[in-house]
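Here the structure comes first, spelled out in structure tokens, and everything after it is commentary.
In my numbering, the protein residues as written are -9 to 179.
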């Protein structure tokens, strides 16, 4: 039986993935600054943000509790595609991703006491060319305004729009859960 952990994330998808993996957890979230230094390589940005989320939550807790935090970014070329600010922005983002390959990078940080384990996982996703009608249908029906890249792979757009995926599907949902389980199982303090 795995020990109970603290998930420092309000993402319903991360919550669902931990439930599917049957990891016992509590959710504690605190407001955190998600900015990062300009010089940071793109693949290090989600780890930097996840580390900050974990540290803020860990400050309030007993240090013998394990805190898990994660952050996901979508990258097209060398540009981070964030969460859309409104309907038009979501449509613009998805039209930009249409017919293109992009990377989804999730940074994971686990902290217990003074010990930390941090890593990132990268998945490449390629969309079929999408029509404006498909994109606007998806945005209007699913309202992906809280999602990096303006989409959730497990929703309609992923089912009809994804041409290929290379890497961990669940990483695109927000947590490379099999890698997290392996780390939790093998991590010695």
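Cβ coordinates follow ideal geometry from the N, Cα and C atoms, glycine included.
Just so we're clear, the structure is a prediction, and the values are computed from it rather than from any experiment.
For residue 56, the secondary structure class from DSSP, reduced to helix, strand or coil, is strand. Sequence-distant partners of residue 20 (beyond 5 residues in either direction) whose C-beta falls short of 7 angstroms from its own C-beta, in its chain, are 46, 47.
Note on residue 150: under 16 other CB atoms within 10 angstroms of its CB, so exposed under the neighbour-count rule. In the three-state reduction of the DSSP assignment, residue 33 falls in the helix class, which pools H, G and I. When C-alpha distances from residue 14 are compared across 68, 58, 32, the shortest belongs to 58.
Beta bridge pairing from DSSP links residue 101 with 57, 106. Beta-bridge pairing by DSSP links residue 154 to 116.
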